[in-house]
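Only one structure is covered here, and it is reproduced in the block below.
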Amino acid sequence: MRRVTYALLFSLGLLAGATAWTLTVRFRHLLYTDPETVPERPVALVFGAGYWPDGRPSDIMQDRVAAAAELYHAGKVRKLLLSGDNRFLHYNEPAKMREVALALGVPEEDIVLDYAGRRTYDTCYRAKAIFGLTEVVAVTQRYHLPRVLETCRALGLDAVGYVADRRPYVHIRWYWLREIPALWLAWWDLWVRHPKPVLGDPIPIF
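The numbering of the sequence shown is my numbering, which starts it at 123 and goes up by one.
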């Protein structure tokens, strides 16, 4: 019984250590905050976020698209792939993100929408399987980027991260806390469950 207890405590310690390492330092060398230092990639992969019932984008969504537009105008990417949830008739994250990108001066012909990016895993999977990408700049907030980079790289998508934080966020402590079980679920999906997202015919961006 004592050996089982020790083994359990050891396993939990490893899990806690791996989680802390991944969320704090593991991908630090792949995170960028200055658009001028970001390595050039063909596409900025922008992760969906919610918007308000009156149609206003949330701060999280606004800042993700604004950060991607910065990369576009700096000549670091040629296209934006805006990926989000569109499962419901009157809820369309990619279309709302497109509105923001157009308002920020990104030409319509350089905006691509992924309507089946229901979660981080799906967005990364479809970027390669459907849109034919092999390398991207992943654009999202700092708390989200470690899970994004872990997922992209495990799925064979070479990604660096551009930090989209542009203001204090009201629930940021909750977002960081939520990343712990979200990262565990990502590991389970990547190495055990291997779920298939919504797929379809390839739509190569280039």
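All residues carry an ideal CB built from backbone N, CA and C; glycine is no exception.
* To do: In angstroms with no decimal places, state the Cα-to-Cα distance between residue 179 and residue 237.
  => 17 Å
* **Contact under 9 Å by Cβ, residue 283 with residue 154** => yes
* To do: Would you be able to state if there are at least three C-beta pairs under 8 Å between the region 257 to 276 and the region 219 to 229?
  => no
* Asked: CB residue 210 to CB residue 325, shorter than 9 Å?
  -> no
* Quick one, are the C-beta atoms of residue 274 and residue 145 less than 9 Å apart? -> no
* **Beta-bridge partners of residue 201, as assigned by DSSP** => 165
* Express the C-alpha separation of residue 217 and residue 276 in angstroms, rounding to a whole number. => 28 Å
* Enclosing beta strand (DSSP E) for residue 262 [first to last residue] -> 257 to 262
* To do: Please report how far the alpha carbon of residue 183 lies from the alpha carbon of residue 151, in whole angstroms.
  => 24 Å
* My understanding is that residue 220 touches residue 164, with C-beta atoms under 8 Å, so please give their C-beta distance in whole angstroms. => Not confirmed; about 19 Å, so no contact.
* Asked: According to the Cβ coordinates, are residue 312 and residue 272 closer than 9 Å?
  -> yes
* Does DSSP put residue 211 in a helix, a strand or coil? -> coil
* To do: Please list, in chain order, all residues of the same chain as residue 158 whose beta carbon is under 7 Å from its beta carbon, the five residues on each side excluded.
  => 196
* Quick one: residues in its chain with C-beta nearer than 7 Å to the C-beta of residue 161, no 5 flanking neighbours on either side, listed in chain order? => 282
* Based on the DSSP output, what are the partners of residue 233 in its beta bridges? -> 202
* residue 176 versus residue 212 - alpha carbon distance -> 12 Å
* Looking at the structure shown, is residue 283 part of a helix, part of a strand, or coil, going by DSSP? -> strand
* Length of the line joining the Cα atoms of residue 315 and residue 307 -> 10 Å
* Could you check the C-alpha separation between residue 302 and residue 187 for me, to the nearest Å? => 25 Å
* **Local Cβ density within 10 Å of residue 256, reported as buried at 16 or more and exposed below that** => exposed
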